[in-house]
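Let me begin by presenting the structure, written as structure tokens, before commenting on it.
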Amino acid sequence: MIKDVIIHKGRPVTTYVYAFPSGGAVFYIDCEYVYPMGGGQPAYWISNGYWYKMPPTGQAMFFADGKNIYPMAGGSPKLYLTD
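Residue 5 is where the sequence shown starts when you use the numbering used here, and the numbers rise one by one after that.
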């Protein structure tokens, strides 16, 4: 399950989303919303490990497996999480 905030020594830690396999941070997660690093409106909404494009269309674009984020069409991971 994706956690949006991890408490470490009493402080929240933001989860960042990076391009896979070794790209820079492209998003950050706040609660169940995924925001672009440049700010602005959320790009995705997360529900039960599935990522839906904003505004939600009813069809998931990605799914999470551990810290890797895969496209619904399958294939290799496109994004990964770190905190």
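Ideal Cβ positions, reconstructed from N, Cα and C, are used throughout, including at glycine.
- For Tyr32, same chain residues with a beta-carbon under 6 angstroms away, outside a window of 5 residues either side, are Thr18, Tyr20, Tyr39 in chain order.
- Bounds of the beta strand (DSSP E) holding Asn72 are 72–75.
- Boundaries of the beta strand (DSSP E) harbouring Phe67: 64–69, taken from the DSSP string.
- One alpha carbon belongs to Leu85, the other to Ala64, and they sit about 18 angstroms apart.
- Shown here for Leu83: same chain residues with a beta carbon closer than 8 angstroms to its own, the five before and five after excluded, namely Val21, Tyr22, Ala23, Phe24, Val30, Phe31, Phe66, Asn72, Ile73 in chain order.
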